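For reference, the structure discussed in these notes is given below.
There are 2 protein chains.
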Amino acid sequence: MNLKKLSKILGLSQTTVSRALNNYPEVSEATRERVKAAAVAHGYRANIRAKSLATGRSMAIGHVIPISTQHEIVNPIFADFIAGAGEIYSRNQHDMLLSVVPDVDEDRTYRELAAKASVDGVIVHGPRPNDPRIPLLQSLNIPFVVHGRASDEDTDYSWVDVNNRRSFERAANFLFDLGHKRLALINGLEFMDFARRRKEGFLAAHAARGVEATPVLMASDEMTENFGFKATQAMLAQRQPPTAFIVSSMIMAIGVRRAISDARLQMGRDISVIIHDDALSYLPNGAEIPIFTATKSSVHEAGKLCAQMLLDIIDAGDKTPRHTLLETDLTLGESTGPVLK
Amino acid sequence: MNLKKLSKILGLSQTTVSRALNNYPEVSEATRERVKAAAVAHGYRANIRAKSLATGRSMAIGHVIPISTQHEIVNPIFADFIAGAGEIYSRNQHDMLLSVVPDVDEDRTYRELAAKASVDGVIVHGPRPNDPRIPLLQSLNIPFVVHGRASDEDTDYSWVDVNNRRSFERAANFLFDLGHKRLALINGLEFMDFARRRKEGFLAAHAARGVEATPVLMASDEMTENFGFKATQAMLAQRQPPTAFIVSSMIMAIGVRRAISDARLQMGRDISVIIHDDALSYLPNGAEIPIFTATKSSVHEAGKLCAQMLLDIIDAGDKTPRHTLLETDLTLGESTGPVLK
DNA sequence: GCAAGCATTCAAAGCGCTTTGGAAATGATT
DNA sequence: AATCATTTCCAAAGCGCTTTGAATGCTTGC
Numbered sequence: 002m003n004l005k006k007l008s009k010i011l012g013l014s015q016t017t018v019s020r021a022l023n024n025y026p027e028v029s030e031a032t033r034e035r036v037k038a039a040a041v042a043h044g045y046r047a048n049i050r051a052k053s054l055a056t057g058r059s060m061a062i063g064h065v066i067p068i069s070t071q072h073e074i075v076n077p078i079f080a081d082f083i084a085g086a087g088e089i090y091s092r093n094q095h096d097m098l099l100s101v102v103p104d105v106d107e108d109r110t111y112r113e114l115a116a117k118a119s120v121d122g123v124i125v126h127g128p129r130p131n132d133p134r135i136p137l138l139q140s141l142n143i144p145f146v147v148h149g150r151a152s153d154e155d156t157d158y159s160w161v162d163v164n165n166r167r168s169f170e171r172a173a174n175f176l177f178d179l180g181h182k183r184l185a186l187i188n189g190l191e192f193m194d195f196a197r198r199r200k201e202g203f204l205a206a207h208a209a210r211g212v213e214a215t216p217v218l219m220a221s222d223e224m225t226e227n228f229g230f231k232a233t234q235a236m237l238a239q240r241q242p243p244t245a246f247i248v249s250s251m252i253m254a255i256g257v258r259r260a261i262s263d264a265r266l267q268m269g270r271d272i273s274v275i276i277h278d279d280a281l282s283y284l285p286n287g288a289e290i291p292i293f294t295a296t297k298s299s300v301h302e303a304g305k306l307c308a309q310m311l312l313d314i315i316d317a318g319d320k321t322p323r324h325t326l327l328e329t330d331l332t333l334g335e336s337t338g339p340v341l342k
Numbered sequence: 002m003n004l005k006k007l008s009k010i011l012g013l014s015q016t017t018v019s020r021a022l023n024n025y026p027e028v029s030e031a032t033r034e035r036v037k038a039a040a041v042a043h044g045y046r047a048n049i050r051a052k053s054l055a056t057g058r059s060m061a062i063g064h065v066i067p068i069s070t071q072h073e074i075v076n077p078i079f080a081d082f083i084a085g086a087g088e089i090y091s092r093n094q095h096d097m098l099l100s101v102v103p104d105v106d107e108d109r110t111y112r113e114l115a116a117k118a119s120v121d122g123v124i125v126h127g128p129r130p131n132d133p134r135i136p137l138l139q140s141l142n143i144p145f146v147v148h149g150r151a152s153d154e155d156t157d158y159s160w161v162d163v164n165n166r167r168s169f170e171r172a173a174n175f176l177f178d179l180g181h182k183r184l185a186l187i188n189g190l191e192f193m194d195f196a197r198r199r200k201e202g203f204l205a206a207h208a209a210r211g212v213e214a215t216p217v218l219m220a221s222d223e224m225t226e227n228f229g230f231k232a233t234q235a236m237l238a239q240r241q242p243p244t245a246f247i248v249s250s251m252i253m254a255i256g257v258r259r260a261i262s263d264a265r266l267q268m269g270r271d272i273s274v275i276i277h278d279d280a281l282s283y284l285p286n287g288a289e290i291p292i293f294t295a296t297k298s299s300v301h302e303a304g305k306l307c308a309q310m311l312l313d314i315i316d317a318g319d320k321t322p323r324h325t326l327l328e329t330d331l332t333l334g335e336s337t338g339p340v341l342k
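Sequence lines, in order, name chains A and B. Going by the numbering used here, the first residue of the first sequence is number 2, and it counts up by one from there. Going by the numbering used here, the first residue of the second sequence is number 2, and it counts up by one from there.
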């Protein structure tokens, strides 16, 4: 079923039928009703490619998911983010186009998306400091929103980010207030912007207290359970082990917990742990009482915000950058307590 | 830059340029070279929508991700599956179209995908027994591959599945051989096909040994860490607690481990645990020595297989169903041992 | 030397939609 | 009744590509 047939059935021109369906004012209410009813009756749905060829808009948003070539790891927050964004897209009749590409090919992918005109805008994932993708997308003149930030000079593009620096500063301060002196940081790869900012916050809290941060107590790697375990194990084996850990993700924290319980220590009593909790749907932080004390910010929500911001930008057609900085909730769980004397 | 301009620059007709670029034989090698060089030089890339409007093929594959309306949970295996599938798609110049929809709207989504002609085929996720999506897709006449199976009558559509039944039967037998008598099953929602089959395998092993399975030792719910924890805690509190657990996912197993260590028991000595390991990239089962004894099957690999199968089907244009049944590896980890006397 | 055959190239139609620039019909105004 | 403005509808062009059917120029074979 296509426009031509439908209009023939109705005895109207394609123009009128098209206009009726797209709610143009220059068609009478009566015919509009008639047309819409017929469309439903015959199961007519406009061919999306013909439509976007004619309009020049693709009604699709691109997400380029980089796969790190060294690690072959898919970011686990990705599923929840996508779910959030997808909700907004389908609510606004947009499609989501996913390109999973080795990080080295990312450039090419963006250029292709632009040249083939397959999307109206893109979401940029996992920004690094001074990420080259940003000038690239700007030069390609394609609307985009970054999930995270890519530099300190962050005013000339649109982003949605968590206040990572403040979050981790607060977390460290909270532990200091409980009497802890030796804090460990289990962080993601620090060429990622979010991890760099978290470390900054961690260090800032130390500086404010005049405490020197210990290099061996700051680990950074791909955020797997296993890295959390290994790093914690190594730190607990130090002559002067830390009494508290700040951990950048729930997944790593699971490894941290494993190392702690393997060492026959009790979390929340012998060792305190604060995590950053992305509120992943399949990894809730306990039920009634949170397992971990956590700085919490829903990545599902971030997905929704990014998507909505991008659609707004495309809609408005103006290029003035927009920014959303999300503050985290510091939720108290069972994993923290005063330092043991 | 478009075909018209490019052909004007080259002093050739659109026909010839198009054919040169698409490797049609009826164009001389010399001009083909010249055209291709010019295309690169001018950054020409065929507009994908115009192309698919003309060819009738969209060069895109749809994935409909259902969000369970009651639970709002995104399946965590999803990221790795998508990564695998995406690899195949980009290698074959296909796009991946993702629709995240509340499960109640799935029907409508498939119909729309078909009517709008936006994809050449779809992957069906999370099949249930007698899943209505299968006859629907068949009637819509759109090529599809199911990740999993939807019934015992599984011959008239294409699928890629893990031999869940045999896997869990083997796992149970392995535990029986170690002397365990009371096995617990922590399973996913049993209206999902995979979970149903796993239970069957679990029960079959019992039946073969003449052991009666205990209803209170078989739990089933959404596969979260928290459910794993709660279920295990409850079972360990029984008068006759189980000595071994079979757990349907790594995420749940993390909760199982938490409950075990909270009960001051040692996994692998006091309590044995076998899990099903989807080999998620961000949740590796330990490093050198696996933490958990596991029936292992890479969901990343499954993604690749599904994608490849679907592309093959589309390419071949024939509708004879294809099937791939993957056997799992039973890998020995530190979480199992002989039953304590 | 001429028809036949082949290798190249092209003009134009068509994919299914939107949109421009009118035209026809209706109603209001003089 | 003639004029004008509105409303309602339409024919046709165009989005950027592929593909059909035909034309062109060259080489062969007899």
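Glycine included, C-beta positions come from ideal geometry on N, C-alpha and C. Quantities reported herein were computed from a predicted structural model and do not represent experimental measurements.
task: Return the residue from the list K297/B, F175/B, V340/B, A185/B that minimises the CA-CA distance to T332/B.
output: K297/B
query: Is it the case that the Cβ atoms of R376/A and S53/B are separated by a distance below 8 Å?
result: For residue 376/A there is no data in the structure shown, the boundaries of chain A being 2 and 342.
- prompt: What residues match up with T325/B in a beta bridge as DSSP calls it?
  reply: V161/B
Any C-beta of chain A under 8 Å from that of V36/B: no
message: I want to verify the contact list: residues of chain A whose CB lies under 7 Å from the CB of F79/B, in sequence order.
response: A80
Any chain B beta carbon closer than 8 Å to V125/A: no
- prompt: Taking the Cβ atom as the reference point for each residue, do E226/A and L284/B lie within a distance shorter than 8 Å?
  reply: yes
message: At 4 residues or longer, what runs of the alpha helix (DSSP H) sit wholly inside the segment 203 to 239 of chain A?
response: 226 to 237
field: Bounding residues of the alpha helix (DSSP H) (the contiguous stretch that carries S406/A)
entry: Here chain A comprises residues numbered 2 to 342, so residue 406/A is not present and cannot be evaluated.
- prompt: How many whole angstroms separate the CB atoms of A55/B and V36/B, which I take to be in contact at a CB cut-off of 8 Å?
  reply: At roughly 18 Å, the Cβ-Cβ gap does not stay under 8 Å, so A55/B and V36/B are not in contact.
9 Å Cβ cut-off: residues of chain A touching P285/B: T225, E226, N227
- request: Anything in the segment 81 to 108 of chain A with a Cβ closer than 7 Å to a Cβ of chain B? List those residues in chain order, please.
  value: D81, I83, A84, G87, E88, S91, D96, M97, L98, L99, S100, V101, V102
- request: Note down the Cα distance separating L204/B from N174/B, rounded to an integer number of angstroms.
  value: 11 Å
task: Run down chain A in chain order and give the residues with a C-beta less than 8 Å from the C-beta of E335/B.
output: Within chain A, no residue comes near E335/B; the closest Cβ sits about 11 Å away, beyond 8 Å.
- prompt: Taking just the CA atoms, how far does N286/A sit from D81/B?
  reply: 22 Å
- request: Specify, as a first and last residue, the run of the alpha helix (DSSP H) that S91/A falls within.
  value: 79 to 92
Amino acids of chain A, ordered along the chain, whose beta-carbon sits closer than 7 Å to that of R270/B: Chain A residues near R270/B: none, gap ~13 Å exceeds 7 Å.
- prompt: According to the neighbour-count rule (16 or more other Cβ atoms, all chains shown, within 10 Å of its Cβ), is L326/B buried or exposed?
  reply: exposed
query: Looking at the C-beta of N23/B, does it have a partner C-beta in chain A at a distance below 8 Å?
result: no
- prompt: Mind checking R270/B: buried by the 16 CB within 10 Å criterion, or exposed?
  reply: exposed
task: Examine chain A for any beta-carbon lying closer than 8 Å to the beta-carbon of L54/B, and answer yes or no.
output: yes
- prompt: Applying the criterion that 16 or more other CB atoms from any shown protein chain within 10 Å of the CB defines a buried residue, is F228/A buried or exposed?
  reply: buried
field: From S19/A, V300/A, E154/A, residue whose alpha carbon lies closest to that of A280/A
entry: V300/A
message: Distance check for V18/B and E170/A, CA to CA, integer angstroms please.
response: 60 Å
- prompt: Which residue from H95/B, G304/B, K9/B puts its Cα closest to that of I83/B?
  reply: G304/B
task: Could you name the residues of the same chain whose beta carbon sits closer than 6 Å to that of A172/A, not counting the 5 residues immediately before and after it, in chain order?
output: I247, I275, T296
query: Count the other CB atoms within 10 Å of the CB of D178/B; is the residue buried (16 or more) or exposed (fewer)?
result: exposed
query: Are any of the Cβ atoms in chain B nearer than 8 Å to that of S119/A?
result: yes
message: Please state the DSSP three-state secondary structure of M2/B.
response: coil
query: Does the count of Cβ pairs from the segment 63 to 77 of chain A and the segment 87 to 104 of chain A closer than 8 Å reach three?
result: yes
query: Are D104/B and T156/B close, meaning C-beta to C-beta below 8 Å?
result: no
- request: Give the residues of chain B in contact with G44/A, contact being defined as C-beta atoms less than 7 Å apart.
  value: A116
query: Going along chain B, which residues have a C-beta under 7 Å from V75/A?
result: A80, D81, A84, S282, Y283
- prompt: Which residue or residues does DSSP assign as beta-bridge partners of H277/A?
  reply: T296/A
query: Would you call N131/B buried or exposed, if buried means 16 or more other Cβ atoms sit within 10 Å of its Cβ?
result: exposed
message: Less than 8 Å between CB atoms is the rule here; does A288/A satisfy it with respect to chain B?
response: yes
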